[in-house]
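Have a look at the structure below, then the notes.
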Amino acid sequence: MATTSDLFGAAEALLEAGRADQALELGRRLESMGRASAPEAAGIFVDAGYAISDASAIQHGMVLAQRYLTATGDKGDRAARAWFALGSGHLNLYALRHPEASAVAVYLDGDLNSAKNAFREALAAAPEDAAFRASVLASLGDCFDHSGRAIEALECYEQALQVQPGHAQAIANKALGFLSYARLAGEHRGTYLAEAYWLLSRALEVGVDEESATILRDYMRQIRTLFADTQVLDQPPLYAGCHVVASDPLERFAIEFCLQHRLYLSVCTFCQRCDAAVGDSAVIRGMPAQRQAVEGRAGRAAFMGLCEHINQLKQDFVTARFLLILSECDQVDLGFADSGVAMLATGGVNLHTIRVQLLKESFKSFYGVLDKIAAFLNEYLGLGAEETRADFRRIWYADWKSRTVHPAVLANENLSLSALFDIHRDFEDGPYQRLRLLRNALTHGFVNITADGSQAESDEPRMSRLELLDRTSELSRVVRNAVLYLMGFVDDEENRKAASPEGAVPTLPAA
């Protein structure tokens, strides 16, 4: 008698051969074997349904997965497969409804967000199979790519390839991720296109199904049309490497820290294969350079005000980052800063040091950059929010209580804007929710920091210094991405305006 593993393997082989109808038959046999085979049956229904554009088959697979999770309460590898099937179902339904990239769909279609959260649950179950874990990471990357979050997508594909270097889906998806990232890359666009081309050829060598191979070859042909000298595409890209040049120990530590944690505001921060990765070089190339390019005195003043907002926003990020660097740099003695501070003898285990306080201030400063982004969008898009309500949580909605997305947001098809919205959504019901709650506690109350996270003499929130560092580092990367997406959004919008019938205007170079 065929086992669950036998039937599942045979069904997957049929799917790869393009015989989805026959795979569905095996899915039904798996379903008939009972609850123990439900995760595999769900996966076959979801994938075969997508292959033949049958939404009802996909939904049936999702029902099987959800019933399994509800009935068993399983938290292990079997649950991971059920969560993966559920996430794939949400993602496949979204892809059927929106075959082309759509920012509006990101705002209004909840399936993409549900898929993302289901894949995260699958990863949280810590599946042992490397190939399966790589598939989950690649699928999560696809969710990010659909929403415009090219940086997070590439990070997922990179993690998938670390788990299984020869994972064809992850290689191909990373290549397509570089194509998406190229829209943010400006003058470095050619580098990412060349990298994408090489990865596409690598995916074909490793082996993908024929339908995917046809799509990948078409992308390769399109990329070749963008290069005057196509010989550069015929071998893997070569890079000079990234070199650290510093005048003192603090500067060296800062550069190495920023490279290690990818904290530079630069499209090269992901690549780090040449010296362009060092420094905050991201600029908005399409902003008009002269006040005279904007009609009217009031218009010029408003426009230059927006330019100043971008400058201040970047500097706020750099300052928050410097506070984080100082908190971690042991090569600088900061003991003098609080050596004369008299502390009450509480007998507790809380840490009150300048380095802990720098870490807290860094966290709050990073989070404050998000609200600055909201204030900028409020003015740039004319959202009309009161200044006191123009924060990153509320700015997206015309009505906060009903969560009705603002018409001016819906009218914009820019994927960099939808990327910012999707980041906001992760602060509401995703993994960043804990960062939002920590920010509220740090800003409006007290958070006790101890050496090991042991309970202090208080009912207030507490965590170890290492936990606070981890969450600050996580937030710093989220905010880095948000700033880059904001700049990508404005750059796209200004370039679009420059191409309008009114004619092009000069661009604002970096100072």
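Just remember that this note's numbering sits 308 ahead of the position in the sequence shown, which is counted from 1. Yeah, the Cβ is synthetic: ideal placement off N, Cα and C, and Gly gets one too. For clarity, every value in this text was computed on a predicted model and none was experimentally measured.
Within its chain, find whatever has a CB closer than 6 Å to the CB of residue i; leave out the 5 residues flanking it on each side and keep chain order.
i	result
Ser313	none
Gly484	Reading off the sequence, residue 484 comes out as Leu, not Gly. Excluding residues within five positions, none has a Cβ falling inside 6 Å.
His406	Ala413
Ala388	Ala430, Ala433, Pro435
Pro769	Ala749, Val755
Pro544	Trp506
Quick check on the DSSP output: the beta strand (DSSP E) that includes residue i runs from which residue to which?
i	result
Ser772	770-772
Which two residues bound the contiguous alpha helix (DSSP H) that contains residue i?
i	result
Cys464	458-471
Lys383	Here Lys383 belongs to no alpha helix (DSSP H), and DSSP marks it neither H nor E.
Glu333	328-340
Leu666	662-688
Gly351	346-359
Tyr547	Looking at the DSSP string, Tyr547 is not in any alpha helix (DSSP H), and its letter there is neither H nor E.
Ala650	Here Ala650 belongs to no alpha helix (DSSP H), and DSSP marks it neither H nor E.
Leu487	476-489
Gly317	312-324
His569	557-569
Arg497	497-514
Phe452	438-455
Val412	411-416
Arg529	518-532
Phe427	419-432
Give me the Cα-Cα distance between residue i and residue j, rounded to the nearest whole angstrom.
i	j	result
Gly342	Pro435	22 Å
Lys482	Ala645	46 Å
Phe535	Tyr505	11 Å
Lys622	Val787	11 Å
Arg742	Leu776	12 Å
Pro596	Ala590	Summary for Pro596: the model assigns pLDDT 48, below 50, so the residue's position carries little reliability, and this model does not support an answer.
Ile633	Thr661	15 Å
Ala822	Glu564	One cannot answer for residue 822 here, as it falls past the ends of the chain, which runs 309 to 819.
Ala344	Gln539	54 Å
Lys383	Leu372	16 Å
Ile523	Asn748	47 Å
Gln600	Met612	Because the pLDDT of Gln600 is 44, which lies under 50, any placement of that residue in the model is unreliable, and the number read from its coordinates should be weighed accordingly. Those two C-alpha atoms are separated by around 11 Å.
Ala490	Gly498	8 Å
Arg785	Leu750	19 Å
Leu277	Asp679	This structure cannot speak to residue 277, because the chain is shown only from 309 to 819.
Asp385	Asp437	9 Å
Ala363	Leu401	7 Å
Asp624	Lys672	11 Å
Glu669	Val640	18 Å
Ala764	Arg773	Low confidence applies to Ala764: its pLDDT is 49, below 50, so where it sits in the model is not reliable enough to give any reading.
Arg697	Asp730	19 Å
Leu508	Asp537	18 Å
Ala409	Tyr793	16 Å
Ile366	Glu348	13 Å
Thr577	Ala562	14 Å
Asp734	Gly369	26 Å
Ala442	Ala693	43 Å
Tyr376	Arg529	44 Å
Tyr688	Ala719	14 Å
Phe392	Ile360	20 Å
Ala838	Val575	For residue 838 there is no data in the structure shown, the boundaries of the chain being 309 and 819.
Tyr572	Gln472	28 Å
Asp419	Phe700	22 Å
Cys637	Ser710	46 Å
Ala439	Ala390	16 Å
Less than 7 Å between C-beta atoms, sequence neighbours within five positions excluded: which residues of the same chain meet that for residue i?
i	result
Gly395	Ala423, Ala426, Phe427, Ala430, Ser447
Arg327	none
Gln374	Leu394
Leu315	Leu334, Arg337, Leu338
Tyr740	Asp734, Val786
Tyr465	Ala446, Gly449, Ala478, Asn481, Lys482, Gly485
Ala318	Leu334
Arg744	Phe735
Leu691	Leu685, Ile703, His714, Ala716
Only counting the same chain, and skipping five residues up and downstream in sequence, which positions put a Cβ closer than 8 Å to that of residue i?
i	result
Val516	Ala476, Gln477, Ala480, Leu524
Gly643	Ile662
His569	Ser781, Ser784, Arg785
- [ ] At 4 residues or longer, and completely inside the segment 705-760: list those alpha helix (DSSP H) runs for me, N to C.
- [x] 715-718, 723-737, 741-752
Task: Sufficient close CB pairs (3 or more, under 8 Å) joining the segment 719-737 to the segment 441-461 - done: yes
TODO: Spell out a yes or no on whether the segment 612-624 and the segment 680-697 are touching, meaning 3 or more CB-CB pairs, one atom from each, closer than 8 Å.
DONE: These segments touch.
Open item on the list: Between the segment 573-589 and the segment 534-554, can you find at least three pairs of beta-carbon atoms closer than 8 Å?
Closed with: Yes, they touch.
- [ ] Pair every Cβ in the segment 387-407 with every Cβ in the segment 354-361, then say whether three or more of these pairs are closer than 8 Å.
- [x] yes
TODO: Determine contact between the segment 318-325 and the segment 333-340, defined as no fewer than three beta-carbon pairs at a distance below 8 Å.
DONE: For the pair of segments examined, the segment 318-325 was found to touch the segment 333-340: the number of CB pairs separated by less than 8 Å reaches three.
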